[in-house]
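First the structure, in the form of structure tokens, and then the observations on it.
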Amino acid sequence: MIVAVALLLGCAAALVPPPVVLSRHPARPWSIPFRPMGAAVGLFALIGGPWGLVTGMVAAVVIARRSRKEIGVQDPSWGGAAPVVVALIAAATRAGVAAPRAVGTAAGVLDPMHAADLVRVVERWRYGLSSVDIEVDRPTRLVARAIEQAQDSGAAPALALEHAATDLVAEDAARAQERARRVGVRAAVPLGVCLLPAFLCLGVAPLVASLMADLSR
């Protein structure tokens, strides 16, 4: 019973998707790694002995590296605010506000972590430089490209910015669907692990006991 509980806890900890971090502060380096520890304990309880210890340690290392990689990935949608912010920049330029000023105002109300690339682009515009040769996130790239192309052609940037906001909405929807699919796949494995003991006890064990009784006669 204890082994089964440890196994279920380990599988659940390893397969549960990481939560979405809403805080602007980075994760603290001393936070307890529950998922790697759960996977290591579950595998050690299941296999036992030196092989269980080695397998648990390998699983813990793999899960810890994957978790660090997920934390290090930059948020591609500014915490979900990118479509709204780009639409507001478009509305400001349509109302007659200069594009650099509109972008700078938007950067001022964003989280500093998400506004850093916008600030870099505005600083380059201030010195008459383009943003083509710098690496920025996806929303900033769409905003900068729309405004710079409009300035080169002499057109108003509002329409291009509105199209960029629409593209960001579609990308957010696609990411949400992909996350939902991943959660469904990950949830199926712990569910199967939970149902497997019941299947063995109610389906396989009586059949094996019946066959053994028939063979012993």
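Position 65, counted from 1, in the sequence shown is what the working numbering calls 65; the numbers after and before it change by one each time, with no gaps.
Don't be surprised by glycine CBs; every beta carbon is placed ideally from N, CA and C.
Give me the Cα-Cα distance between residue i and residue j, rounded to the nearest whole angstrom.
i: H163; j: V103; result: 16 Å
i: P100; j: R126; result: 8 Å
i: V41; j: I47; result: 10 Å
i: G108; j: A115; result: 7 Å
i: V119; j: L110; result: 11 Å
i: A168; j: T55; result: For the sequence presented, residue 168 should be read as Leu rather than Ala. Cα to Cα, the separation comes out at about 42 Å.
i: D117; j: V185; result: 35 Å
i: S216; j: L196; result: 28 Å
i: V183; j: R175; result: 12 Å
i: V204; j: L191; result: 19 Å
i: D133; j: R124; result: 11 Å
i: S130; j: V193; result: 55 Å
i: L142; j: R181; result: 27 Å
i: G96; j: A188; result: 53 Å
i: A82; j: P112; result: 14 Å
i: D172; j: W78; result: 11 Å
i: A170; j: A98; result: 27 Å
i: Q177; j: V85; result: 22 Å
i: R138; j: A156; result: 21 Å
i: S153; j: A59; result: 55 Å
i: M159; j: Q151; result: The amino acid occupying residue 159 in the given sequence is Leu; Met does not appear at that position. The straight-line gap from Cα to Cα measures roughly 13 Å.
Between which two residues does the alpha helix (DSSP H) holding residue i run?
i: G107; result: Note on identity: in this sequence residue 107 is Ala, with Gly being the wrong assignment. Its alpha helix (DSSP H) spans residues A99 to V109.
i: P83; result: A82 to R94
i: V208; result: A205 to S216
Please state the DSSP three-state secondary structure of residue i.
i: L129; result: coil
i: D137; result: coil
i: S77; result: coil
i: A116; result: helix
i: P50; result: helix
i: G192; result: helix
i: P197; result: helix
i: G154; result: coil
At the 8 Å Cβ level, is residue i part of the contact set with chain B, yes or no?
i: A209; result: Included in the structure is just one protein chain, with no chain B present.
The segment 132–149 / the segment 103–117 touching (three or more Cβ pairs under 8 Å): yes
The segment 151–165 contacting the segment 81–90, beta-carbon criterion three pairs below 8 Å: yes
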